[in-house]
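A short write-up of the structure that comes next.
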Amino acid sequence: MERTGTRARAWWPALRVPAAAAVLLAATAATLAQAGFPFEHEMLLDVRPLPGSRRVPILEIAADGRAQIDLWCRSGPGLVEIAGNAVKFTLGPMREAACTPERAQRDEEMAAVLSQVTRWRREGNLVVFVGPTELRFHLSTH
52 MERTGTRARA WWPALRVPAA AAVLLAATAA TLAQAGFPFE HEMLLDVRPL
102 PGSRRVPILE IAADGRAQID LWCRSGPGLV EIAGNAVKFT LGPMREAACT
152 PERAQRDEEM AAVLSQVTRW RREGNLVVFV GPTELRFHLS TH
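Here the sequence shown stands for residues 52 to 193, numbered as in the numbering used here.
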């Protein structure tokens with residue numbers, strides 16, 4: 052009987068190491084998935100350009116929160132605060148460009164939507180900003 056107990060004690064440490072490694076790997080994967088905000092990457096709004104243009108809204112956010120925000124026809128600096136999955140956009144003064152009334156209206160709508168974003172999540176190559184409206188940006192590949 053003692054021999055059986057000895058065998059059980061002999062293989063138990065061998066199981067603890069893989070089990071601990073699996074738990075650590077799962078915790079690390081969950082942390083990386085949430086911590087994976089793509090700072091310093093250009094993000095393009097996941098929409099088709101307007102007729103007669105190749106431009107779509109683009110965001111680039113630095114690790115210190117400074118951002119370059121390019122809308123349909125206006126551009127400017129901003130500040131983006133990210134804490135966990137919470138996010139807050141503050142748009143700075145935007146440079147006016149010659150716009151059609153439709154594009155100017157879209158810029159105003161986009162600025163309003165960005166100011167209402169409260170959360171973000173990453174889905175592979177997409178960054179989704181969540182508020183009353185979801186904005187899906189894909190990471191630039193160039």
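Each residue gets a CB set at the ideal place from its N, CA and C atoms; glycine is no exception.
Rounded Cβ spacing between residue i and residue j (contact assumed at less than 8 Å)
{"i": "residue 186", "j": "residue 166", "result": "Contact doesn't hold; Cβ gap of about 12 Å is too wide."}
{"i": "residue 131", "j": "residue 116", "result": "5 Å"}
{"i": "residue 129", "j": "residue 118", "result": "4 Å"}
{"i": "residue 93", "j": "residue 113", "result": "At roughly 12 Å, the Cβ-Cβ gap does not stay under 8 Å, so residue 93 and residue 113 are not in contact."}
{"i": "residue 197", "j": "residue 170", "result": "Because the chain spans 52 through 193 in this model, residue 197 falls outside it and cannot be assessed."}
Burial state of residue i, where buried means 16 or more other Cβ atoms lie within 10 Å
{"i": "residue 158", "result": "buried"}
Enclosing beta strand (DSSP E) for residue i [first to last residue]
{"i": "residue 154", "result": "It is not in any beta strand (DSSP E) - residue 154 instead sits in the alpha helix (DSSP H) that spans 152-166."}
{"i": "residue 189", "result": "186-190"}
{"i": "residue 194", "result": "With the chain represented from 52 up to 193, any question about residue 194 goes unanswered, as that position is not in the structure."}
{"i": "residue 88", "result": "No beta strand (DSSP E) contains residue 88, which DSSP labels as neither H nor E."}
{"i": "residue 94", "result": "93-96"}
{"i": "residue 126", "result": "126-134"}
{"i": "residue 137", "result": "137-142"}
Under 9 Å between C-beta atoms of residue i and residue j
{"i": "residue 99", "j": "residue 124", "result": "no"}
{"i": "residue 96", "j": "residue 153", "result": "no"}
{"i": "residue 108", "j": "residue 173", "result": "no"}
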